[in-house]
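Oh and the sequence shown: position 315 is 315 in full-length UniProt numbering, straight run, nothing missing.
No residue lacks a Cβ here, since even glycine has one placed at the ideal position from N, Cα and C.
The structure presented is a predicted model; accordingly, all values stated were derived computationally and were not measured.
Here is the structure we will look at.
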Amino acid sequence: MEETYKDRTSLVKGAKDIAKEVKRQAVKKVNKAVDKAQDGYTQRSYSRFQDEEDDDDYYVQGGNYGVEANDDEGSSEATEGHDEDDEIYEGEYQGIPNMGQGKDGMVALGQPMRDEYKDRHELETERKADEEELAQQYELIIQECGHGRFQWALFFVLGMALMADGVEVFVVGFVLPSAETDMCIPNSGSGWLGSIVYLGMMVGAFFWGGLADKVGRRQSLLICMSVNGFFAFLSSFVQGYGFFLFCRLFSGFGIGGAVPTVFSYFSEVLAREKRGEHLSWLCMFWMIGGIYASAMAWAIIPHYGWSFSMGSAYQFHSWRVFVIVCALPCVSSVVALTFMPESPRFLLEVGKHDEAWMILKQIHDTNMRARGQPEKVFTVNRIKTPKQIDELIEIESDTGTWYRRCFVRIRTELYGIWLTFMRCFNYPVKDNTIKLTAVWFTLSFGYYGLSVWFPDVIKHLQSDEYASRVKHFRNEEVSHFVFNFTLENQIHSNGEYINDRFIMMKFKSVTFEDSLFKNCVFEDITSLNTYFRNCTFVNTTFYNTDLEQYKFVDSELINCTFFHIRTGCQISFDDDYSAYWIYFVNFLGTLAVLPGNIVSALLMDRIGRLTMLGGSMVLSGISCFFLWFGTSESMMIGMLCLYNGLTISAWNSLDVITVELYPTDRRATGFGFLNALCKAAAVLGNLIFGSLVGITKAIPILLASTVLVCGGLVGLRLPDTRTQVLM
1 MEETYKDRTS LVKGAKDIAK EVKRQAVKKV NKAVDKAQDG YTQRSYSRFQ DEEDDDDYYV
61 QGGNYGVEAN DDEGSSEATE GHDEDDEIYE GEYQGIPNMG QGKDGMVALG QPMRDEYKDR
121 HELETERKAD EEELAQQYEL IIQECGHGRF QWALFFVLGM ALMADGVEVF VVGFVLPSAE
181 TDMCIPNSGS GWLGSIVYLG MMVGAFFWGG LADKVGRRQS LLICMSVNGF FAFLSSFVQG
241 YGFFLFCRLF SGFGIGGAVP TVFSYFSEVL AREKRGEHLS WLCMFWMIGG IYASAMAWAI
301 IPHYGWSFSM GSAYQFHSWR VFVIVCALPC VSSVVALTFM PESPRFLLEV GKHDEAWMIL
361 KQIHDTNMRA RGQPEKVFTV NRIKTPKQID ELIEIESDTG TWYRRCFVRI RTELYGIWLT
421 FMRCFNYPVK DNTIKLTAVW FTLSFGYYGL SVWFPDVIKH LQSDEYASRV KHFRNEEVSH
481 FVFNFTLENQ IHSNGEYIND RFIMMKFKSV TFEDSLFKNC VFEDITSLNT YFRNCTFVNT
541 TFYNTDLEQY KFVDSELINC TFFHIRTGCQ ISFDDDYSAY WIYFVNFLGT LAVLPGNIVS
601 ALLMDRIGRL TMLGGSMVLS GISCFFLWFG TSESMMIGML CLYNGLTISA WNSLDVITVE
661 LYPTDRRATG FGFLNALCKA AAVLGNLIFG SLVGITKAIP ILLASTVLVC GGLVGLRLPD
721 TRTQVLM
């Protein structure tokens, strides 16, 4: 009996071995057939996605999205005759395969070869084919979803983020004069504020753009806008110049990610025929941000009464109120973004099919309800997802502590961003990246350089006019007189003031040279740009004044007393109307962009991106030569408006081209790198053009026109993206 049982057991075991061998051979044949079917399928059109029901590589609505459908016949053959040890139930989670298992434990009949047995080149080839297939299908899906309420809602939400970027650029120039005076910033340190903000924006554009390709457009934009809003709000309360620079640095770092993320995000929910026009309309929010900043500065900063102080240690002047008001667009965008979904194109790129399908259905249903067609059904039931290639990440064994884990995570993310950036210089986008680099740099250098040069020239003309009206008083001898009125724009030389009283006075741009003050009293004095050079003070009393030691240049004080000296720099001249003029000039220059925005939006899809880019840059370069005739303030303002109106079309078309030339997996990274380069060129342009103010007009004109024309010619060599789908 036992021998019979042993024979039967050995017979069953031998049958199992034979069945396993047959199964291995069958798997090889099936895998070859599946690979051939996959290669052939990449050539099919979108219409065949909806008709073929038996393909293994697609997701189906109403079923298991993330599970490939097996052939019924193959499944029955694979499970037939299995005992309890070998039986695998349908839908059962098998866990992560053990690398030590043999092939027979890792493949099943009717399934293609696992990715573990393919080299990286083969996987990348399959992924590239999947991406090309997805690009065509996604375009048709977006067309089916239509353009309606969802796109317009996202348009205004992202517009607020772009508006915050425009405000950040303008707020530095508006705050700089008041902040320098309020914080007693010397001339040697006044340039740091503008440069530090651009430095933060440069680093932020690269970092947040790369992060948007790793974690998603919405999440990256939410974080960067939150960073900007927090530090912008905090900077309005800090008193020290160093801490103020620190806050503005991180505020710029946060807002630097707005432009690359916003354009990447919005472009991925637009159909091909709508993309150029609506991205150009989106650019208008940057102009609206500039107008908002100019209007708020005009309405708030000159009102010095909008301030309070707690002793001499804490001062809260009107320019700080302006900084808070300028943070409102950023806060609004953060709140609104919490109600918006992630980009479905990004989700498909990273293999999250279910989430992408649900968002696309949401877009379709939202637009159809707005059109009065709620009964229209979203017919897409399967979407191609690119093959996911796992990256091997080396993690140290000592990751038990939280800070070690955070360090490893940050290092891994930064390394991933760097790898994505390096892929921007791989074929086939390498040539496009080099050309875009040249165009972005030349346009930024010329635009920001002249944008700084224009206001500086206007201020230089104003200063020359103000200096030409200065009044000179020489060899004055005044005794027993009470001065209780305002002195402005005067120079007093070789004067003698005996037993005089200076009470309740304002000194504005007043200089005393080689003068004698004997038995005088200075009480309740407020001064601005007022100095005593090589003067002598004998038995003089100073009470409740802001005349600090640095205002006495090479002067001698003999038996003088100081009571209640107001430390810090004072902003107290209510009749200072020069600020109004500066804000009004910037307001006009920003408003002049409106016609160019409208023209570029209407013609972007008609005449093409390249024609608009090259034509706008060449015309901007030619318009620089009109600066020869700018001999007055009004003429310079007119030239500024003309120049801004011509260059805005180039900016809009360049944004659209950049978005369309990069594939989804590196779109925000490439855009972020170019935007960072833009900020670097802006700083360089500010330094070069700012140093030439008041010296010569020839060099700025020739330099700006040359770089703009050369950049426009390079832009014409870029590929035309008007008719291509979003890769």
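Selection from the options that minimises the alpha carbon distance to residue i
i: residue 445; options: 706, 171, 386 and 720; result: 706
i: residue 678; options: 441, 464 and 609; result: 441
i: residue 565; options: 551, 558 and 555; result: 551
i: residue 649; options: 463, 602 and 340; result: 602
i: residue 533; options: 520, 539 and 512; result: 512
i: residue 585; options: 293, 274, 149 and 519; result: 293
i: residue 439; options: 420, 610 and 482; result: 610
i: residue 628; options: 655, 702, 589 and 663; result: 702
i: residue 469; options: 451, 248 and 489; result: 489
i: residue 462; options: 285, 637 and 265; result: 637
i: residue 334; options: 224, 290 and 426; result: 224
i: residue 322; options: 509, 556 and 173; result: 173
i: residue 300; options: 341, 287 and 324; result: 324
i: residue 641; options: 283, 709, 383 and 589; result: 589
i: residue 260; options: 700, 666, 711 and 681; result: 666
i: residue 713; options: 632, 331, 621 and 683; result: 621
i: residue 613; options: 658, 633, 624 and 591; result: 658
i: residue 262; options: 433, 328, 355 and 218; result: 218
i: residue 729; options: 235, 226 and 272; result: Lying before the first or after the last residue shown, residue 729 is absent from the chain, which here runs from 1 to 727.
i: residue 507; options: 155, 483 and 594; result: 483
i: residue 365; options: 591, 682 and 149; result: 149
Start-to-end residues for the alpha helix (DSSP H) that takes in residue i
i: residue 610; result: 609-623
i: residue 340; result: Per DSSP, residue 340 belongs to no alpha helix (DSSP H) and is neither H nor E.
i: residue 246; result: 241-255
i: residue 558; result: No alpha helix (DSSP H) contains residue 558, which is instead part of the beta strand (DSSP E) from 556-558.
i: residue 227; result: 217-235
Residue i, buried or exposed, once every other Cβ within 10 Å from all chains shown has been counted against 16
i: residue 394; result: Reliability fails at residue 394, whose pLDDT of 48 lies under 50, so the model's placement of it is uncertain and no value is given.
i: residue 107; result: Confidence in residue 107 is poor, its pLDDT being 44 and thus under 50, which makes the residue's placement unreliable; the coordinate value appears in the next sentence. Answer is buried; the Cβ neighbour count reaches 16.
i: residue 103; result: For residue 103, the pLDDT reaches just 40, beneath the cut-off of 50, and the residue's location in the model is therefore unreliable, although a value from the coordinates is still provided. Residue 103 is exposed by the Cβ-count criterion.
i: residue 435; result: buried
i: residue 553; result: exposed
i: residue 717; result: exposed
i: residue 447; result: buried
i: residue 724; result: exposed
i: residue 418; result: exposed
i: residue 406; result: exposed
i: residue 402; result: exposed
i: residue 605; result: buried
i: residue 539; result: exposed
i: residue 42; result: Residue confidence is low: residue 42 scores 40 on pLDDT, short of 50, so the model does not pin down where it sits. No coordinate-derived value is stated.
i: residue 492; result: buried
i: residue 404; result: exposed
i: residue 698; result: exposed
i: residue 733; result: An answer regarding residue 733 cannot be provided, because it is not within the stretch 1 to 727 covered by the chain.
i: residue 480; result: exposed
i: residue 87; result: In this prediction, residue 87 has a pLDDT of 41, which is less than 50 and means its spatial position is unreliable; nothing more can be read from the coordinates.
Near the ligand COA: residue i beta-carbon under 7 Å from a heavy atom
i: residue 725; result: Among the ligands in the structure shown, none appear at all, so the ligand COA cannot be discussed.
Bridge partners - residue i, DSSP secondary structure assignment
i: residue 543; result: 523 and 563
i: residue 702; result: Paired residues: none, contrary to the question.
i: residue 508; result: 488 and 528
i: residue 172; result: According to DSSP, residue 172 bridges with nothing at all.
i: residue 536; result: 516 and 556
i: residue 350; result: According to DSSP, residue 350 bridges with nothing at all.
i: residue 503; result: 523
i: residue 482; result: 501
First through last residue of the beta strand (DSSP E) which encompasses residue i
i: residue 490; result: 487-493
i: residue 498; result: 496-498
i: residue 322; result: Careful: residue 322 lies outside any beta strand (DSSP E), inside the alpha helix (DSSP H) at 318-326.
i: residue 268; result: Element bounds for residue 268: n/a, residue is neither H nor E.
Alpha helix (DSSP H) segments (min. 4 residues) lying fully within the region 626-672: 633-661
Entirely enclosed alpha helix (DSSP H) segments - the region 409-479, minimum 4 residues: 430-468
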